[in-house]
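Each remark here refers to the structure printed beneath this line.
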Amino acid sequence: MTDYSALLSSIPAIQHGFGNKSALMPTPLQPYRATLPEKKQVHGTRIVDVLRPGQPCGEADGFYTTQPGILLSVLTADCLPVIFSRRDGTAIAAVHAGWRGLLDGILEQLAQRIAQDDTTANWVAAIGPAAGPCCYEVNEELVEQFQRRLPQPPALISPRFRHLDLAAIAQDKLTALGFSAVDRAGSCTICTLNDDPQQPQRFKYTSFRRNSHRRARDPQHPDIKGRNQYAAVMINP
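Following the UniProt record's numbering, the numbering of the sequence shown begins with 1 at its first residue and continues without gaps.
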């Protein structure tokens, strides 16, 4: 079942959703796939203004538009998808924020783009499914890097030893950047089990980390290339 944000669902002018293994692109948005910008996500901080359907964007991890009928999306498989809307639905954005993006400031870059026309106080944000602090174990050096470079309390960054809470870090950043409201949709991409009895998959989401562990045990296990899930948002045509 597709995940939706309660905040974004309250804005009639837009459609949105967070995909999973059963429907990589949320079903209501599939008819608009042809409008997707062409892009290559590189864990960077570049934000692109999307002005027309199918626009070539090059290497980019954030997308912004005021144009109706253009589907903005990011692909994830443990990284953090964040989608945004102005409260009146007249502008939207989507960001791919893995740990590199969070450290390097992609959320701050989007806030700067919004500030060119508006204020973040007029915007809301929804954080989608990603690797959770229950499962997202990293090396101690990376945790220390987050704690050195970000102002958040250490327990928020890493509530368990050597685990990162990407969603909590992002939510704290977005609140500090002045977004009027932030919510979360979905759950941990690594361990969440499938809740749809009509689907045979054991897990709900595609996960790069889980897939890597399985391939380490069984080199014949297929990789996830081409099976990342979409977080998508569109102003209604």
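Think of the CB as a built atom: it goes at the ideal place given N, C-alpha and C, for glycine as much as any other residue.
Out of the options, which one is the CA nearest neighbour of residue i?
i	options	result
ASP118	VAL138, PRO151, ASP195, PHE179	PHE179
LEU75	ALA13, LEU103, GLY62, ARG87	GLY62
residue 238	GLN55, LYS21, VAL48	Absent from the model: residue 238. The displayed extent of the chain is 1 to 237, so no value can be given.
HIS221	GLN229, ARG149, PHE208, ALA23	PHE208
MET234	LEU71, ALA216, ASP3	LEU71
LEU107	ASN194, ALA126, SER22	ALA126
ARG184	ALA131, ARG52, ALA155, ARG148	ALA131
VAL138	PRO151, VAL124, ILE157	ILE157
PHE146	ARG100, TRP123, ALA121, SER187	ARG100
ASN236	LYS40, ASN20, ILE92	ILE92
SER9	ALA111, PRO200, ARG87	ARG87
TYR136	ILE14, LEU174, ASP78	ASP78
ASN122	ARG162, ALA111, PRO129	ALA111
ARG227	ASN211, ARG215, ASP218, ALA216	ASN211
Which of helix, strand or coil does DSSP assign to residue i?
i	result
ARG215	helix
PRO81	strand
PHE208	helix
PHE179	coil
residue 251	Not covered by the structure: residue 251. The range shown for the chain is 1 to 237.
ASP118	coil
ALA94	strand
ASP172	helix
PHE203	strand
Would you mind reading off the limits of the beta strand (DSSP E) that contains residue i?
i	result
residue 247	Since the first residue shown for the chain is 1 and the last is 237, residue 247 is missing from the structure and cannot be characterised.
SER73	72-76
Mark residue i as exposed unless 16 or more other C-beta atoms lie within 10 angstroms of its C-beta, in which case mark it buried.
i	result
HIS16	buried
ASP165	buried
HIS213	exposed
GLY186	buried
ASP3	buried
PRO159	exposed
GLN201	exposed
GLN116	exposed
From what residue to what residue does the alpha helix (DSSP H) around residue i run?
i	result
ASP104	99-104
ILE157	154-157
VAL48	Where VAL48 is concerned, there is no enclosing alpha helix (DSSP H), although the beta strand (DSSP E) it sits in stretches over 47-49.
GLU144	140-149
Look up residue i in the DSSP assignment and give the residues it is bridged to.
i	result
ASP196	For ASP196, which the question treats as bridged, DSSP gives no partner whatsoever.
ILE127	VAL82, ARG184
GLU38	PRO56
GLN15	MET234
ASP3	PHE18
Answer with yes or no whether the minimum CB distance from residue i to chain B is below 7 Å.
i	result
GLN220	No chain B appears in the structure shown, which is made up of a single protein chain.
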